[in-house]
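Everything below concerns the one structure shown next.
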């Protein structure tokens, strides 16, 4: 009788409120999971506050509107809470959460990667603002192949401090293909480290850096030209 | 790659490896090339400055407030989960 727990239903975790032991987690993550499992509202709200926006941004890569992204994220929260008892802490808590989120978003979005090729987006120029701001010399240039033909114009600090800079960054991130958007959201907006992002998204460090670099290049490009202008 | 001479890192190549540079993911030799290039090239120095500024500005997006409605909804989800299981 006493041994019944381990023999039956091999994949079942312990019952809901107690939950699996978490030997591999950091002490902070472990404390967090334990407080959540215990039903602590303040902990939950702080946790939501910290992660919700990033979840929306990531989800928006898969679905067509912010309203649907909000539904997806809410669904993901339900999944996270329900999965908490069985969470064994084999990966960091945030990585685990974002995997749940991405699964929900993929299911909802149906059309998995909205991934438009990088080049196809270059002509996306609704307001005529994405002019080529800098150019390189050709590979056969006799003296300086591949060096600047026309280098970047200096950005004015006032421009960057402007609220519009944020609006532009946000808009550009929303236009990125999902995988680039996910990486830049977690790395640059949420300040996750590289290893944690790779774990959450199931990608290699090298792949992650390629995606991040493309995303950053696009966002910088969206600011260039505008940021270099004189403030009126 | 481009027709850049050996030992010579072209600007076009440098801007492609800035994320690796900032992440400390370059091998020693390439890293040194980048550093030396930056000393001599105002264009790439400005590009790097802009790249960093872009990253710094993106971080500010994390500070947006959560709408109260969202908090309320999720608190409901949480209470429902706590009592329902």
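Protein chains in written order, with the numbering used here: chain C, 1 to 232; chain G, 1 to 85. Virtual Cβ for every residue (Gly too), placed ideally from N, Cα, C.
Check: Candidates C:225, C:153 and C:216: closest to residue 44 of chain G by CA position; Outcome: C:153
Check: Cα-Cα separation, residue 25 of chain G to residue 222 of chain C; Outcome: 26 Å
Check: Cutoff 7 Å; reference residue 167 of chain C; Cβ partners in own chain excluding five residues on either side; Outcome: none
Check: Chain G contact for residue 216 of chain C (CB, 8 Å cutoff); Outcome: yes
Check: Beta-carbon proximity check, residue 164 of chain C vs residue 148 of chain C, cutoff 8 Å; Outcome: no
Check: Every unbroken alpha helix (DSSP H) inside the stretch 126-200 of chain C [4 residues or more]; Outcome: 157-161, 163-175 and 178-184
Check: At least three beta-carbon pairs within less than 8 Å, the stretch 19-35 of chain C to the stretch 54-71 of chain G; Outcome: no
Check: Segment contact flag, the stretch 91-108 of chain C with the stretch 66-77 of chain C, C-beta cutoff 8 Å, min 3 pairs; Outcome: yes
Check: Close beta carbons around residue 196 of chain C, own chain, < 7 Å, minus the five adjacent residues each side; Outcome: 92, 94 and 95
Check: Supposed close pair residue 160 of chain C, residue 227 of chain C - CB separation, criterion 8 Å; Outcome: 6 Å
Check: Proximity to residue 81 of chain G [Cα-Cα], best of C:53, C:36 and C:178; Outcome: C:36
Check: Every unbroken beta strand (DSSP E) inside the stretch 27-112 of chain C [3 residues or more]; Outcome: none
Check: Contacting positions in the stretch 59-74 of chain G - beta carbon closer than 8 Å to chain C; Outcome: 59, 60, 61, 62, 64, 66, 70, 71, 73 and 74
Check: Within 8 Å, strictly: CB atoms of residue 66 of chain G and residue 53 of chain C; Outcome: yes
Check: Pick from C:40, C:38, C:106 and C:170 that is closest to residue 189 of chain C, judged by C-alpha positions; Outcome: C:170
Check: Best match in C:84, C:174 and C:187 for proximity to residue 62 of chain C [C-alpha to C-alpha]; Outcome: C:174
Check: Short-range partners of chain G found in the stretch 163-181 of chain C, where Cβ spacing is below 7 Å; Outcome: 165, 166, 169 and 170
Check: Reduced DSSP category for residue 27 of chain G - H, G, I as helix; E, B as strand; rest coil; Outcome: coil
Check: Where the alpha helix (DSSP H) through residue 84 of chain G begins and ends; Outcome: 68-84
Check: CB of residue 137 of chain C within 8 Å of CB of residue 146 of chain C, strictly; Outcome: yes
Check: Residue-chain proximity (residue 36 of chain G, chain C), Cβ-Cβ < 8 Å; Outcome: no
Check: Residue 58 of chain G, buried or exposed, once every other Cβ within 10 Å from all chains shown has been counted against 16; Outcome: buried
Check: Test: residue 39 of chain G CB closer than 8 Å to a CB of chain C; Outcome: no
Check: Residue 151 of chain C: contacting residues in chain G (beta-carbon distance under 9 Å); Outcome: 11, 41, 42, 43, 44, 46 and 47
Check: Which of helix, strand or coil DSSP assigns to residue 215 of chain C; Outcome: helix
Check: Residue 14 of chain G, DSSP secondary structure in three states; Outcome: helix
Check: Proximity test, Cβ basis, 8 Å: residue 27 of chain G and chain C; Outcome: no
Check: Distance between beta carbons of residue 50 of chain G and residue 234 of chain C, contact taken as under 8 Å; Outcome: Summary: the structure shown does not reach residue 234 of chain C, with chain C confined to residues 1 through 232, and so no result is reported for it.
Check: Within-8 Å CB hit, residue 87 of chain G to chain C; Outcome: The displayed coordinates of chain G run from 1 to 85. Any statement about residue 87 of chain G would go beyond what the structure contains.
Check: Reference residue 73 of chain G; option with closest CA among C:49, C:64 and C:89; Outcome: C:49
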